[in-house]
Amino acid sequence: MTNFVARLERIAEHTQVFNDYTRGVERETLRYQEDGSLAQSSHPSSLGSAYSNQWITTDFAESLLEFITPVSHSVDDLMAQLKDIHHFTQTKLNGESMWPMSMPCFVSGEENIQLAQYGSSNSGRMKTLYREGLKRRYGSLMQIISGVHFNFSFPESFWDALLGEQSEQEREASKSDAYFGVIRNYYRFGWLIPYFFGASPALCSSFIQGRETNLPFENIGETLFLPNATSLRLSDLGYTNSAQSVLRIGFNSLDQYLDGLNKAIKTPSEEFAEIGVKVDGEYRQLNSNVLQIENELYAPIRPKRVARSGEKPSEALARGGVEYIEVRSLDVNPFSSVGITEDQVRFLDLFLTWAALTDSDPMDDCELTCWRENWNKVITDGRKVGLELTIGCQGEVLTLQEWAQRVFGELRQIAKVMDEAQGGQEYQTVCDTLSQWIEQPELTISGQLLERTKQAGGIGAVGKELGQAFKQNHLAHSFQYYSQQQMEAEVERSMSAQKQTEEQDTLSFDEYLEQYFDYLK
8 MTNFVARLER
18 IAEHTQVFND
28 YTRGVERETL
38 RYQEDGSLAQ
48 SSHPSSLGSA
58 YSNQWITTDF
68 AESLLEFITP
78 VSHSVDDLMA
88 QLKDIHHFTQ
98 TKLNGESMWP
108 MSMPCFVSGE
118 ENIQLAQYGS
128 SNSGRMKTLY
138 REGLKRRYGS
148 LMQIISGVHF
158 NFSFPESFWD
168 ALLGEQSEQE
178 REASKSDAYF
188 GVIRNYYRFG
198 WLIPYFFGAS
208 PALCSSFIQG
218 RETNLPFENI
228 GETLFLPNAT
238 SLRLSDLGYT
248 NSAQSVLRIG
258 FNSLDQYLDG
268 LNKAIKTPSE
278 EFAEIGVKVD
288 GEYRQLNSNV
298 LQIENELYAP
308 IRPKRVARSG
318 EKPSEALARG
328 GVEYIEVRSL
338 DVNPFSSVGI
348 TEDQVRFLDL
358 FLTWAALTDS
368 DPMDDCELTC
378 WRENWNKVIT
388 DGRKVGLELT
398 IGCQGEVLTL
408 QEWAQRVFGE
418 LRQIAKVMDE
428 AQGGQEYQTV
438 CDTLSQWIEQ
448 PELTISGQLL
458 ERTKQAGGIG
468 AVGKELGQAF
478 KQNHLAHSFQ
488 YYSQQQMEAE
498 VERSMSAQKQ
508 TEEQDTLSFD
518 EYLEQYFDYL
528 K
């Protein structure tokens, strides 16, 4: 019996485990105008404070909305929360709509992207200054690419079944080790996510204005595309940072990861030093290190722990170990009004469970290089049938289809156990559907989207058509999980919370930053 089968059998004895998985979603979307161009208006005050609203905020820019669901155990609840948040937001947008894709709509120039504003408090000003640094380092266009982040954790009952009785200290260490095992397996096989769900095979030519690229683009009018691409969002053109590729942050243990992260935060960058930190009395970035703060680390998956007030993410991890993981490689699904579907969530349930139950050897630099190459191949050429991928430094080469079917053999076993526990067929149905996609790449989201783009004469036309349909969908929606009163109450609460924060500041902004970055000395 393999280790995988033995572990699955242990979990399967405790059917409640699968009902206790916790999930949350963060979905980004640009506000845009009727002609398909980026909205120039400020974040609507009728949505409350972007600084404090727990469900509706902004990411890099004033026009880049971010919706955050609370933690829930039910896929149905998760989707209902997302639909309610979208509905409420759409009613406050004064004719604007939400762009249904990861790659931006038409942007006439970087100067038309207004940085997100969070009020006059020191912490609010710091959030905007961090974005100023990102703008100067990488350009604003890259920062308004939208994605979907999926937060996931296994319940304590999962670890009880898998690890047996342990002291609190032992359990904390074992869970962190296990989550890093998940992360390593995610890097090895997570290219399945852009293969199935990548949704950016094409982009508006305005996105690469003035930028050099070696990618052999073809065009449909103003739309550039690669025939077999899955997710240009994850390519070197998109939300990555080549300056970080030298960091070599390891994932073999919590200590190794934190050590690498702390070095990156403290490593000066000659390139970023040229920008300057404070020039003629005006701040340009938080500091000139490779990472201004930890959040600047671009990674397809992150270990996380809920931070206490004033605590940095790495401090939270060092204090209590890994509590959950954040999957960051999902493009916005353009065929879902809320950017993600129930089937995608269920696939992630299956895949992350598989990654936890499957052996996960430590990764050396050779294997880190290997997985990067695999991901890049799938991102730019993933729908090419017979594309070869190398797993591990022993150099076993198989086609994407062969690797995927190997993994699906075990995913099906998990799906059967999960369906038996929950009394349905949903997880096995997801396996059946995606198995077809393995052999028929045109069925993948990127395949469907590129075909529709060709028929419509460009990606902008598809975006506007889908965006308009989703706008009507959101407006016609009736609350399922929240209520209008709850949403309006959160608007009011968030405004007063921001005001209170602003009134409590006692330090100057210079003093605040000096105190915040005291750990760099």
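Going by the working numbering, the residue at position 468 of the sequence shown is 475; the numbering climbs one at a time, nothing skipped. From the three backbone atoms N, C-alpha and C, an ideal C-beta is built for every residue, glycine too. Only a predicted model underlies this, so the values are computations on that prediction, with no experimental measurement involved.
task: Starting from the C-beta of P341, find all residues in its chain whose C-beta is less than 7 Å away, skip the five residues before and the five after it, and write them out in chain order.
output: Position 334 of the sequence shown holds residue 341. Around P341: P107, M108, A206, L456, L473.
message: On the DSSP letters alone, give me the boundaries of the alpha helix (DSSP H) that C544 sits inside.
response: Because the chain spans 8 through 528 in this model, residue 544 falls outside it and cannot be assessed.
Boundaries (first-last residue) of the alpha helix (DSSP H) holding C438: The residue labelled residue 438 in the question sits at position 431 within the sequence shown. Per DSSP, C438 belongs to the alpha helix (DSSP H) from 433-446.
- prompt: Taking the beta strand (DSSP E) that L405 falls in, what are its first and last residues?
  reply: If you number the sequence shown from 1, residue 405 lands on position 398. 403-406 is the span of the beta strand (DSSP E), which, as asked, contains L405.
query: My guess is that I466 and T230 are in contact by the Cβ rule of under 8 Å, so how many angstroms apart are they, rounded?
result: Here the question's residue 466 lines up with position 459 in the sequence shown. Here the question's residue 230 lines up with position 223 in the sequence shown. At roughly 5 Å, the Cβ-Cβ gap stays under 8 Å, so I466 and T230 are in contact.
- request: Measure the alpha-carbon distance for F214 versus V155 and round it to whole angstroms.
  value: For this step, residue 214 is matched to residue 207 along the sequence shown. For this step, residue 155 is matched to residue 148 along the sequence shown. A direct Cα-Cα distance of roughly 20 Å separates F214 from V155.
query: Excluding sequence positions up to five away, which residues of its chain have a Cβ less than 8 Å from the Cβ of L410?
result: The residue given as residue 410 occupies position 403 in the sequence shown. Checking the sequence shown, residue 410 turns out to be Trp, not Leu. In its chain, beyond the 5 residues on either side, F196, L396, I398 have a beta carbon closer than 8 Å to the beta carbon of W410.
field: L85 - containing beta strand (DSSP E), residue span
entry: Here residue 85 refers to the residue found at position 78 of the sequence shown. First-last for L85: 82-97, but that is the alpha helix (DSSP H), not the beta strand (DSSP E).
- prompt: The beta strand (DSSP E) with T336 in it runs from where to where?
  reply: Taking the sequence shown and counting its residues from 1, one reaches residue 336 at position 329. Note that residue 336 is Ser in the sequence shown here, rather than Thr. For S336, the enclosing beta strand (DSSP E) has its first and last residue at 331-337.
field: Rounded separation between T9 and M110 - CA only
entry: Position 2 of the sequence shown, counted from the start, is the residue given in the question as residue 9. Position 103 of the sequence shown, counted from the start, is the residue given in the question as residue 110. Distance from the CA atom of T9 to the CA atom of M110, rounded to whole angstroms, is 42 Å.
Q505 and G102 closer than 8 Å at C-beta: Within the sequence shown, the letter at position 498 stands for residue 505. Within the sequence shown, the letter at position 95 stands for residue 102. The beta carbons of Q505 and G102 sit no closer together than 8 Å.
- request: Starting from G31, follow the beta strand (DSSP E) in both directions and report where the run begins and ends.
  value: Reading the sequence shown from its first residue, position 24 is the one you call residue 31. G31 -> beta strand (DSSP E) spans 29-39.
- request: Measure from the alpha carbon of T220 to the alpha carbon of each residue in G393, Y202, S242, then state which is nearest.
  value: Counting from one through the sequence shown, the residue named residue 220 turns up at place 213. The alpha carbon of T220 has as its nearest neighbour, out of G393, Y202, S242, the alpha carbon of S242.
- prompt: Which term fits Q462, buried or exposed, when burial requires 16 or more other beta carbons within 10 angstroms of its beta carbon?
  reply: Within the sequence shown, the letter at position 455 stands for residue 462. Classified as exposed, Q462 has fewer than 16 neighbouring CB atoms from the shown chains inside 10 Å of its CB.
- prompt: Among L298, F358, S70, which one has its Cα closest to the Cα of I151?
  reply: Here the question's residue 151 lines up with position 144 in the sequence shown. The residue with the shortest Cα to Cα distance from I151 is S70.
query: Whole-angstrom Cβ separation of V284 and N294, contact assumed at under 8 Å?
result: In the sequence shown, residue 284 corresponds to position 277, counting from 1. In the sequence shown, residue 294 corresponds to position 287, counting from 1. With 8 Å as the limit, V284 and N294 qualify as a contact, their Cβ atoms being about 6 Å apart.
task: Just tell me which of L254, S367, G131, Y331 has its CA closest to the CA of Y193.
output: Your numbering for residue 193 matches position 186 in the sequence shown. S367 is the residue among L254, S367, G131, Y331 whose C-alpha sits nearest the C-alpha of Y193.
message: Buried or exposed, going by whether 16 or more other CB atoms sit within 10 Å of the CB of K90?
response: Locating residue 90 in the sequence shown gives position 83, where the first residue counts as 1. Around the beta carbon of K90, a 10 Å sphere encloses 16 or more other beta carbons of the protein chains shown; the residue is thus reported as buried.
Given P234 as reference, the closest of I386, L136, L45 once Cα atoms are compared: Within the sequence shown, numbered from 1, the residue matching residue 234 stands at position 227. Among I386, L136, L45, the Cα nearest to that of P234 is on I386.
- prompt: In chain order, what residues of the same chain lie with their CB nearer than 7 Å to the CB of L441, ignoring the 5 residues before and after it?
  reply: The residue given as residue 441 occupies position 434 in the sequence shown. Spatial neighbours of L441 in its own chain (CB-CB distance under 7 Å, excluding positions within 5 residues in sequence) are listed in chain order as F203, F354.
message: I'd like the span of the beta strand (DSSP E) that includes H156, first residue to last.
response: Looking up residue 156 in the sequence shown gives position 149. According to the DSSP assignment, H156 belongs to the beta strand (DSSP E) that extends over 155-160.
task: Report the partner residues of R309 according to the DSSP bridge assignment.
output: Residue numbering aside, residue 309 sits at position 302 when the sequence shown is read from its first letter. DSSP output for R309 lists E333 as bridge partner(s).
message: Among F11, D287, I256, S344, whose alpha-carbon lies nearest the alpha-carbon of K478?
response: Your numbering for residue 478 matches position 471 in the sequence shown. Answer by Cα proximity: S344.
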